[in-house]
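**Student:**
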Amino acid sequence: MSVTNATHRSAGTPAASQTATRRGDPADASRGGALVVSGVSVKYQSQGDEQPVLAVDDVSLEAAPGEFVAIVGPSGCGKSTLLKAVAGLLPTSSGSVSFGGETQARLGFVFQSDALLPWKTAAENVEIAIKMSFRQVSKGRLSKAKLQEKAIELLEQFGLGESTHKYPAQLSGGMRKRVALARAVAYEPSAFLMDEPFSALDAQTRIRVGNFFLRMLEDLGQTVLFVTHDIEEAVAMADRVIVLSKGPGRVIETINVTIPRPRDYHDTRFHPLFKDLQQRVWDSLGYSQGATSGDGE
Ligand SMILES: Nc1ncnc2c1ncn2[C@@H]1O[C@H](COP(=O)(O)OP(=O)(O)OP(=O)(O)O)[C@@H](O)[C@H]1O
Ligand SMILES: [Mg+2]
Numbered sequence: 001m002s003v004t005n006a007t008h009r010s011a012g013t014p015a016a017s018q019t020a021t022r023r024g025d026p027a028d029a030s031r032g033g034a035l036v037v038s039g040v041s042v043k044y045q046s047q048g049d050e051q052p053v054l055a056v057d058d059v060s061l062e063a064a065p066g067e068f069v070a071i072v073g074p075s076g077c078g079k080s081t082l083l084k085a086v087a088g089l090l091p092t093s094s095g096s097v098s099f100g101g102e103t104q105a106r107l108g109f110v111f112q113s114d115a116l117l118p119w120k121t122a123a124e125n126v127e128i129a130i131k132m133s134f135r136q137v138s139k140g141r142l143s144k145a146k147l148q149e150k151a152i153e154l155l156e157q158f159g160l161g162e163s164t165h166k167y168p169a170q171l172s173g174g175m176r177k178r179v180a181l182a183r184a185v186a187y188e189p190s191a192f193l194m195d196e197p198f199s200a201l202d203a204q205t206r207i208r209v210g211n212f213f214l215r216m217l218e219d220l221g222q223t224v225l226f227v228t229h230d231i232e233e234a235v236a237m238a239d240r241v242i243v244l245s246k247g248p249g250r251v252i253e254t255i256n257v258t259i260p261r262p263r264d265y266h267d268t269r270f271h272p273l274f275k276d277l278q279q280r281v282w283d284s285l286g287y288s289q290g291a292t293s294g295d296g297e
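1 is the number of the first residue of the sequence shown in full-length UniProt numbering; add one for each residue after it.
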């Protein structure tokens, strides 16, 4: 079904734009259906007489239920644009997006900017997502105390146990990103759309958060579309890596990551298949044998 010119009913606030439901009643949303992106192009309207900018060109991809698909490509090639179009936050100029054959699904977003509500504490930002999820899925309510307890528990998993009462302005970029991640997880979506979610995290925190996320996916089996500039991270986490060309983004190649699961965010990099897969992604991006030409990562 086409979602061209999709209107997004909960995209009005920064918080909602992170935990939105793509059209319709989330209670009806298909949990675990395949995500199918078919021939999607996205144009940005320019000001004045200039021609519209084609940012994404005829992209088709699929993520099976529970599949982890990473998207890599040069800066400016349209990765964020594609993700926003899949989320229904940007209109497509052609093509369609569906989730288990429907145009709606419970989606958890983590965008490049963290978009937290500045007037809410870290815990309160997460509480909103828990509240929304509980209302939509269980059609019930949680007491304030229970909401707070759950939010704090989750923030502890992201290493933020000491900062639950702080406001976004009092947190570092990496901490804010972790709150945004906790909020997306708290929403219990059927699919995650993630735009460089770990980019602001230090190496140790990345391993901790990456492993928490991988374990959660093993338990709950959500589908993930994951944009990253980090080729190693893409190979360590994904079932497939989709390589986009420089802008306007087109799919150049899809690389199957055959490393078995369960995986460890860090240790997987020492698996015998890892180096070869990583090199295939670099080759696809135009960086062969350490060549330095091109517009790559
Ligand atoms: N709101 C906008 N209006 C007009 N053009 C835009 C807008 N947002 C992005 N673009 C253009 O669309 C193209 C794709 O941008 P996008 O942000 O999707 O790239 P990206 O692959 O996510 O880059 P990066 O890796 O740097 O985050 C770029 O040429 C960019 O200049
Ligand atoms: Mg981007």
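Just so it is clear, CB atoms sit at the ideal spot from N, CA and C, and this is done for glycine as well.
Given 8 Å as the limit, is there contact between the segment 90-100 and the segment 270-286, that is, 3 or more CB pairs closer than that?
**Tutor:** no
**Student:** Report yes if the C-beta of Ala-55 is less than 6 Å from at least one heavy atom of ligand 1; otherwise report no.
**Tutor:** yes
**Student:** What first and last residue would you give for the beta strand (DSSP E) that runs through Ser-41?
**Tutor:** 35-44
**Student:** Ala-234 to Val-224, Cα distance in whole Å?
**Tutor:** Cα to Cα, the separation comes out at about 12 Å.
**Student:** May I ask which residues mark the beginning and end of the alpha helix (DSSP H) holding Ser-75?
**Tutor:** Neither: Ser-75 is in no alpha helix (DSSP H) and is coded neither H nor E.
**Student:** Considering only residues of the segment 156-215, which uninterrupted alpha helix (DSSP H) runs meet the minimum length of 4 residues and lie entirely inside it, listed in chain order?
**Tutor:** 173-186
**Student:** For Ser-133, which three-state DSSP category applies?
**Tutor:** helix
**Student:** Buried or exposed: which applies to Asp-28, given that a residue is buried once 16 or more other Cβ atoms fall within 10 Å of its Cβ?
**Tutor:** Caution is warranted here: a pLDDT of 36 is assigned to Asp-28, below 50, making its placement in the model unreliable, and the coordinate value is therefore given only provisionally. Its Cβ having fewer than 16 others within 10 Å, Asp-28 is exposed.
**Student:** Give me every residue whose Cβ sits closer than 7 Å to any heavy atom of ligand 2, in chain order.
**Tutor:** So the residues near ligand 2 by this Cβ test are Lys-79, Ser-80, Gln-112, Asp-195, Glu-196, Val-227.
**Student:** For ligand 1, any of its heavy atoms closer than 6 Å to the Cβ of residue 309?
**Tutor:** Since the first and last residues shown for the chain are 1 and 297, residue 309 lies out of range.
**Student:** Rounded to the nearest angstrom, what separates Asn-256 and Leu-277 at their Cα positions?
**Tutor:** 8 Å
**Student:** Could you check whether the Cβ of Tyr-265 sits closer than 6 Å to any heavy atom belonging to ligand 1?
**Tutor:** no
**Student:** Exposed or buried, which one is Pro-168 when buried takes at least 16 other CB atoms within 10 Å?
**Tutor:** Pro-168 is buried by the Cβ-count criterion.
**Student:** Around the Cβ of Asp-219, are there at least 16 other Cβ atoms within 10 angstroms (buried) or fewer (exposed)?
**Tutor:** exposed
**Student:** Ligand 3 and Gly-247: does the residue's C-beta get closer than 6 Å to at least one heavy atom of that ligand?
**Tutor:** Ligands displayed in this structure: ligand 1 and ligand 2; ligand 3 is not among them.
**Student:** CA-CA distance, Ala-129 and Phe-192?
**Tutor:** About 14 Å.
**Student:** Taking C-beta to C-beta, are Leu-160 and Arg-178 nearer than 7 Å?
**Tutor:** yes
**Student:** Return yes when at least one heavy atom of ligand 1 lies under 6 Å from the C-beta of Ser-60, else no.
**Tutor:** no
**Student:** Which residues share a DSSP beta bridge with Phe-226?
**Tutor:** Ala-70, Met-194
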